[in-house]
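According to the UniProt record's numbering, the sequence shown holds residues 1 to 177 in order. Report on the following structure.
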Amino acid sequence: MSVKHALLGLIGERPRAVAQLRRGFEEATRGTWPLNIGQVYQTVRRLERDGLVEPVPDEAAEAEAYRLTEAGRAELAAWWDTAVLRPRDDRDELAMKIAVAETVGGVDVTALIQRQRGAALAELRELVRLKAATPADRGADRLLLERRVFDLEAEARWLDHVENLAAVTDHPKGAQS
């Protein structure tokens with residue numbers, strides 16, 4: 001998650017001091033991603049350095065509050081408008097593990113896939129149980145549970161698919177499938 005952009009979103013709602021930002025972030029995410037005050041402070045300082053926020057002049061205030069600059073509003077609008085995609089070059093440890101096991105020999109790849117599927121399905125059952133005790137809304141805790149459930153379901157389907165693919169050793173070296 002982009003903490004920088006989440007904090008910009010909170011400041012965009014109304015000017016806030018660092019402690020208010022931390023509290024607002026934890027309320028918005030239901031404590032799913034705890035932030036320490038130092039992390040919030042450093043992020044706000046970088047936002048100020050980059051011209052995205054500025055202090056609100058208020059000598060009566062207990063703590064310095066920040067508001068978005070024009071550049072900050074543009075940055076926040078761009079974040080809201082930009083889809084979040086996983087990087088294509090993301091190193092997927094499971095795909096890497098299966099590929100290496102397939103090529104080095106001496107590893108029962110089918111058993112490896114079955115163990116992985118079993119672990120994924122066991123975690124899926126646990127998450128479904130947890131989901132029953134979580135409010136059915138768009139709170140961060142529910143969103144993460146739902147996302148993980150869908151990821152595990154997709155992983156199980158992908159493992160079924162991988163298990164049905166021809167083994168690398170079924171093809172002559174250099175042959176295209």
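From the three backbone atoms N, C-alpha and C, an ideal C-beta is built for every residue, glycine too. Computed from a predicted structure; not experimentally measured.
Handout entry: 8 Å Cβ shell around L7 - same chain, five flanking residues per side excluded
Key = Your numbering for residue 7 matches position 7 in the sequence shown. Cβ neighbours of L7 beyond the five flanking positions: L21, F25, V40, T43, V44 and L47.
Exercise for the section: Using three-state DSSP, classify L85 as helix, strand or coil. Expected result: Taking the sequence shown and counting its residues from 1, one reaches residue 85 at position 85. It is coil, neither helix nor strand.
Practice task
Look at the Cβ atom of R67, then the Cβ atom of P15, and state whether they are nearer than 9 Å.
Solution key: For the purposes of this step, residue 67 is identified with residue 67 of the sequence shown, where counting begins at 1. For the purposes of this step, residue 15 is identified with residue 15 of the sequence shown, where counting begins at 1. The answer is yes: Cβ separation under 9 Å.
Handout entry: Pick from L52, D108 and D137 that is closest to A77, judged by C-alpha positions
Key = Your numbering for residue 77 matches position 77 in the sequence shown. Here the closest residue by C-alpha is L52.
Problem - Simplified DSSP state of V53, which is helix, strand or coil - result: Numbered from its first residue, the sequence shown carries residue 53 at position 53. V53 falls in the strand class under three-state DSSP.
Practice task
Have a look at A95 and R138 and give me their C-alpha separation to the nearest angstrom.
Solution key: Counting from one through the sequence shown, the residue named residue 95 turns up at place 95. Counting from one through the sequence shown, the residue named residue 138 turns up at place 138. Answer to the nearest angstrom: the Cα atoms are 31 Å apart.
Handout entry: Check whether L121 and K97 have beta carbons under 9 Å apart
Key = Start at 1 with the first residue of the sequence shown, and residue 121 comes out as number 121. Start at 1 with the first residue of the sequence shown, and residue 97 comes out as number 97. Result no, Cβ atoms of L121 and K97 do not sit closer than 9 Å.
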